[in-house]
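To convert, take the position in the sequence shown, counting from 1, and add 4; that gives our numbering.
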Amino acid sequence: MKVDNRAMTVRRLKIYAGAQGYVYQYYFVGKRAALADDPEAPAAEFIFDVTSDRKLTFAVSVFLPENPLAEWSAAHGRPLNDAEQYAAVKLRLFRAFDELEDVQAHGRRLTINAALLEETLASLGVD
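Have a look at this one:
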C-alpha cells in the first residue's frame, strides 16, 4: 500500500517565555478573512494554537483590520507584504504573552490598531 503524505502539514511548535512567568508553546494554524459578522471585520484573522501547561490547548485569534493596513500603506507609500503582516501579528501575540496574566481568559481575541501596527513595525525596522 502506497501512502501519499505530500499534503500533510507539519506544524512547528515554538516556545515563548512571557514576562508574567509563563512559558507558552504555540504554533500558527492559519490565516483567513474574518467572518462577515465579526466585530473586527473587515480584517485578516491569524489563528494560533497556544498552551501554557501542555495539557490544555486553546486558540488565539489576532485580527489585523483593513483600516490600520490602509493607514500604514498611505503613510509609507507601499503595502505591507505577507511576511511583514505576519511579523506584526506575531509580535502582538508576544505582547499578550508578556502583559496578560491569563491569556486563555483574557487574550483569545487580540486586535492590532494603527498605532500598535506603526510601533510594532518600527521596532522591526520596517519602513
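No residue lacks a Cβ here, since even glycine has one placed at the ideal position from N, Cα and C.
Can you tell me whether residue i is helix, strand or coil according to DSSP?
i    : result
P69  : strand
Y90  : helix
Q29  : strand
T115 : strand
T55  : strand
A48  : strand
Have a look at residue i and residue j and give me their C-alpha separation to the nearest angstrom.
i   : j    : result
S65 : S127 : 22 angstroms
A48 : N117 : 13 angstroms
T80 : G129 : First, the residue type needs correcting, since residue 80 is His and not Thr in the sequence shown. Their Cα atoms are separated by approximately 13 angstroms.
R82 : V33  : 27 angstroms
L60 : Q108 : 10 angstroms
D57 : Y20  : 13 angstroms
To which residues of the same chain is residue i closer than 7 angstroms at the C-beta, ignoring the five residues directly before and after it?
i   : result
L73 : L84
Sorted by chain position, which residues of the same chain lie with C-beta nearer than 6 angstroms to residue i's C-beta, five sequence neighbours on each side aside?
i    : result
G111 : A100 and L104
W76  : L121
A45  : A38
Does the ligand FAD have even one heavy atom less than 7 angstroms from the beta-carbon of residue i?
i   : result
S56 : The ligand FAD is not part of the structure shown, which contains no ligands of any sort.
Assuming residue i and residue j are in contact, meaning their beta carbons sit under 8 angstroms apart, how far apart are those beta carbons, in whole angstroms?
i   : j   : result
D53 : Y26 : About 16 angstroms separates the two Cβ atoms, so there is no contact after all.
I51 : A37 : With 8 angstroms as the limit, I51 and A37 do not qualify as a contact, their Cβ atoms being about 12 angstroms apart.
Practice item. Check whether the region 83-97 touches the region 37-44, counting contact only when three or more Cβ pairs, one atom from each stretch, lie closer than 8 angstroms. Key: They do not touch, by the three-pair rule.
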